[in-house]
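For the sequence shown, our numbering gives the first residue as 1, with consecutive numbering after it. Idealized CB from N, CA, C, for every residue including glycine. Predicted model only: the values in this text are computed from it and were never measured. Please read the structure below before turning to the comments.
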Amino acid sequence: MLKDPEHHLALQMDVTQQSDVERVIAASRDRFERPPNLLVNSAGVLRMSPFLDETEACLDTMINVNLKGTFLVTQVFIKALLERNRGAGEERGAVVNIASTSGKVGPPLMTIYAATKGGVIAFTKSCAAEMANKGIRVNCVLPGAIATPMTADIEERLVKEFCNRNPLGRLGKPEEVAEVVVFLLSRRSSYMVGACVEVTGGTDM
Numbered sequence: 001m002l003k004d005p006e007h008h009l010a011l012q013m014d015v016t017q018q019s020d021v022e023r024v025i026a027a028s029r030d031r032f033e034r035p036p037n038l039l040v041n042s043a044g045v046l047r048m049s050p051f052l053d054e055t056e057a058c059l060d061t062m063i064n065v066n067l068k069g070t071f072l073v074t075q076v077f078i079k080a081l082l083e084r085n086r087g088a089g090e091e092r093g094a095v096v097n098i099a100s101t102s103g104k105v106g107p108p109l110m111t112i113y114a115a116t117k118g119g120v121i122a123f124t125k126s127c128a129a130e131m132a133n134k135g136i137r138v139n140c141v142l143p144g145a146i147a148t149p150m151t152a153d154i155e156e157r158l159v160k161e162f163c164n165r166n167p168l169g170r171l172g173k174p175e176e177v178a179e180v181v182v183f184l185l186s187r188r189s190s191y192m193v194g195a196c197v198e199v200t201g202g203t204d205m
């Protein structure tokens, strides 16, 4: 639960529907009398499967949530942000997209997921190149295997294999990813644009 509801607003949206994204951004702007200036795109779905067993339905779902959702939320967010005037040299806001090292490495059993996360990486860099001179920094984080509900469904055998290959010998913690996200949203990373920061415990370095 939010400790300070006066300064927070919890809303639910379907990231694959532009009208729903617009509704949520508008609700936030109406509540706080200005659009949000920090965005983390963390919605994502994963299904591990051999390539020849993948289905068109899985392709559509992962593309829609992982890639289309990131595109739509970022676009609506930035359009709202650009409505505000800014002073010379003032930063308007920042975006952090959650990609994955799968989008860089292309591991087996993740053809669709890896493709969507590779798309998020490319999208981040292209969007960052366009938005930097408008005072909006766009970066992304590439987590490795993190102990979340998403990885809870992965076979225990595969998790053990990963831990054996990982220099730290364990899965990452969500808060270890969150620390990097907070840094990229803050002014401490003011000279970072289009960066893709890996949080992997050293796997695939």
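Exercise. According to DSSP, what are the bridge partners of N97?
Worked result: N41, C140
Exercise. Where does the unbroken alpha helix (DSSP H) through E91 begin, and where does it stop?
Worked result: First-last for E91: undefined, no H or E at that position.
Exercise. I think E146 touches V105, with their Cβ atoms under 8 Å apart; what is that distance to the nearest whole Å?
Worked result: The sequence given here places Ile at residue 146; Glu does not occur at that position. Not really, about 15 Å apart at Cβ, beyond 8 Å.
Exercise. Alpha carbon to alpha carbon, what distance is there between D53 and C140?
Worked result: Spanning the two alpha carbons is a distance of roughly 30 Å.
Exercise. Would you call the stretch 70-89 and the stretch 166-175 in contact, with 3 or more CB pairs under 8 Å?
Worked result: no
For this session: Whole angstroms is fine: what's the gap from E91's alpha carbon to I112's?
Result: 35 Å
Problem set entry | Cβ neighbour criterion (16 or more within 10 Å) applied to P50 | exposed
For this session: Would you please state the rounded distance, in angstroms, between the beta carbons of L184 and A94? I believe it to be under 8 Å.
Result: 7 Å
Exercise. Do G144 and T74 have their C-beta atoms within less than 8 Å of each other?
Worked result: no
For this session: Could you tell me whether any non-hydrogen atom of the ligand ADP is closer than 7 Å to the CB of L38?
Result: As presented, the structure is devoid of all ligands, the ligand ADP included, so that no description of it is given.
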